Amino acid sequence: MKLGTRLIHNKWAQDPYTGGVSIPIHQSVIFAQESLEEVGEYEYTRTGNPTRKALEETIAELEGGRYGFAFASGMAAITAALCLFSAGDHLLVSQDIYGGTYRALTRVFSRFGLEITFVDTTDPDQVAANIKGNTRGLYLETPSNPLMKITDLRTMAALAKARGLITIADNTFMTPYWQRPLELGIDVVVHSATKYLGGHSDCLAGLVITQDARLARELGIVQNTLGAVLAPHECWLILRGIKTLKVRLEQQERTASYLAGWLAGLPEVKSVYYPGLLKHPGREIHFRQASGAGGVLSFRLANAELARRVINNVRLPVIGSSLGAVESIISLPATMSHASLPEDLKERLGITVDLVRLSVGLEEAEDLKKDLERALRELNRFNITLTLE
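Its first residue numbered 1, the sequence shown is counted upward by one per residue in the working numbering.
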């Protein structure tokens, strides 16, 4: 079956006990045992829960992996993956990653002796040049957040395997529907399932998937020991969201492509960052490893004041730091999702206060266009100066 069908018809399409087409929410902390000598599969929900197992096995199947792990947030999932490394290990990381990941690495893991180097992973030579004797891992985002930079996952996986490195890829933007990093040689995939997999801005969740039995054992120890597991009700919400992933993503991509092309032709817009645009850097690489461009785009306006006022004046998109939901969400990454990055780094990367990120929802494309158009028109009526470089 194609993946769109498998989102609905997979191992956990039905409750194996009753035939229900919705997996039950097993809202129980403990599970009664037959005796001290006969301990069943489930004993304590932190260690294992039937609803969580359904989600973990579903996402593993969809990503082409063997082992899945569900966590209480995307950051809990990322933290668990980073716990695969030890004090003294060196980790190479995409330089324009999500701000929460940057904060975890620089403010928390650095305390425990993990050495971090941020590199441009779109340049394999730069990655290779920064590998040291104690380098143990490579952490990637592609497309990157928020500038949609494209990293060649096959090339990075081959480079890492030749040097004995563990590769981790954040696949939140693409989801397994558009991109499956494990099939390209990546060792571990992480998701903020809060975003597209849940899809409705009502559930905080994170997922980790791998094919490697040794890494799975380590991840299982981390999950059980640290205890940041996803609760049964949230597991059920993510399972429900996955069933509509195909139709949501395809609609969001169509609208995002339409808006990206329209924005690219406006005098107020200096740049548009979206893998679906013909001139987007790395587009060819992206479509060798992914089957869609996604529903998130970023665009740079003429100046910071225009960016701020556009965000404040649109009526349909919600102002917020999240993405991937049924409602469109607009943000200023420099002061929201990436606020924790140092100012000089944001300036160097181009994550500045004139850059707007738009996660396209399920509204009609024409309505979103008219809303953005109206916001720009109102600003011009108030004589906002546009300084084009």
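We put the CB at the ideal spot given by N, CA and C, even for glycine.
In this text, all values refer to a predicted model and were calculated from it rather than measured experimentally.
Measuring only the C-alpha atoms, how far is residue i from residue j?
| i | j | result |
| --- | --- | --- |
| residue 360 | residue 252 | 6 Å |
| residue 111 | residue 91 | 14 Å |
| residue 353 | residue 265 | 21 Å |
| residue 225 | residue 14 | 30 Å |
| residue 389 | residue 302 | Bear in mind that the predicted position of residue 389 carries a pLDDT of just 40, short of 50, making it unreliable; the figure below should be weighed with that in mind. Distance between the alpha carbons of residue 389 and residue 302: 8 Å. |
| residue 59 | residue 282 | 28 Å |
| residue 73 | residue 223 | 12 Å |
| residue 12 | residue 233 | 16 Å |
| residue 393 | residue 133 | The structure shown does not extend to residue 393, since the chain is modelled only from 1 through 389, so no value can be given for it. |
| residue 279 | residue 310 | 25 Å |
| residue 387 | residue 347 | With a pLDDT of only 46 at residue 387, under the threshold of 50, the placement of this residue in the model should not be trusted; the figure read from the coordinates follows. If you take the alpha carbons of residue 387 and residue 347, they lie about 18 Å apart. |
| residue 250 | residue 61 | 21 Å |
| residue 41 | residue 29 | 14 Å |
| residue 4 | residue 81 | 28 Å |
| residue 288 | residue 141 | 16 Å |
| residue 49 | residue 371 | 45 Å |
| residue 227 | residue 43 | 15 Å |
| residue 196 | residue 7 | 13 Å |
| residue 9 | residue 180 | 19 Å |
| residue 169 | residue 308 | 32 Å |
| residue 36 | residue 19 | 31 Å |
Let me make sure I understand the geometry here. Which of the options has the alpha-carbon closest to that of residue i?
| i | options | result |
| --- | --- | --- |
| residue 192 | 42, 325 and 17 | 325 |
| residue 55 | 237, 291 and 375 | 237 |
| residue 161 | 37, 214, 138 and 70 | 138 |
| residue 84 | 96, 102, 109 and 94 | 109 |
| residue 241 | 136, 128 and 203 | 203 |
| residue 294 | 316, 129, 175 and 115 | 175 |
| residue 231 | 318, 71 and 82 | 71 |
| residue 373 | 135, 289, 296 and 259 | 259 |
| residue 296 | 317, 43 and 79 | 317 |
| residue 130 | 122, 284, 118 and 169 | 118 |
| residue 155 | 172, 218, 126 and 135 | 126 |
| residue 284 | 97, 116 and 122 | 122 |
| residue 163 | 136, 94 and 184 | 136 |
Looking only at DSSP bridge pairs, what is residue i linked to?
| i | result |
| --- | --- |
| residue 301 | 269 |
| residue 283 | Paired residues: none, contrary to the question. |
| residue 229 | 71 |
| residue 179 | 290 |
| residue 393 | Residue 393 lies beyond the stretch modelled for the chain, which goes from 1 to 389, so this question has no answer here. |
| residue 138 | 92 and 167 |
With distances taken between CB atoms, is the gap from residue i to residue j smaller than 8 Å?
| i | j | result |
| --- | --- | --- |
| residue 182 | residue 268 | no |
| residue 65 | residue 337 | no |
| residue 201 | residue 291 | no |
| residue 328 | residue 320 | no |
| residue 152 | residue 167 | no |
| residue 63 | residue 189 | yes |
| residue 52 | residue 314 | no |
| residue 16 | residue 146 | no |
| residue 67 | residue 210 | yes |
| residue 208 | residue 77 | yes |
| residue 87 | residue 114 | yes |
| residue 105 | residue 177 | no |
| residue 24 | residue 143 | no |
| residue 150 | residue 286 | yes |
So for residue i, helix, strand or coil by DSSP?
| i | result |
| --- | --- |
| residue 316 | coil |
| residue 239 | helix |
| residue 115 | strand |
| residue 131 | coil |
| residue 292 | coil |
| residue 384 | Because residue 384 sits at a pLDDT of 49, beneath the cut-off of 50, its placement in the model cannot be relied upon, and the following sentence gives the value as read from the coordinates. In the structure shown, residue 384 sits in coil (DSSP, three-state: anything other than H, G, I, E or B). |
| residue 110 | helix |
| residue 42 | coil |
| residue 173 | coil |
| residue 251 | helix |
| residue 360 | coil |
| residue 102 | helix |
| residue 8 | coil |
| residue 51 | helix |
| residue 159 | helix |
| residue 184 | helix |
| residue 59 | helix |
| residue 165 | coil |
| residue 97 | coil |
| residue 257 | helix |
| residue 330 | strand |
| residue 150 | coil |
| residue 311 | helix |
| residue 351 | coil |
| residue 221 | helix |
| residue 30 | strand |
| residue 365 | helix |
| residue 25 | coil |
Would the beta-carbon of residue i be found less than 7 Å away from any heavy atom of the ligand NAD?
| i | result |
| --- | --- |
| residue 57 | As far as ligands go, the structure on display features none, and thus does not contain the ligand NAD. |
Shorter than 8 Å from the beta carbon of residue i to some beta carbon of chain D?
| i | result |
| --- | --- |
| residue 247 | No chain D is part of this structure, which consists of one protein chain only. |
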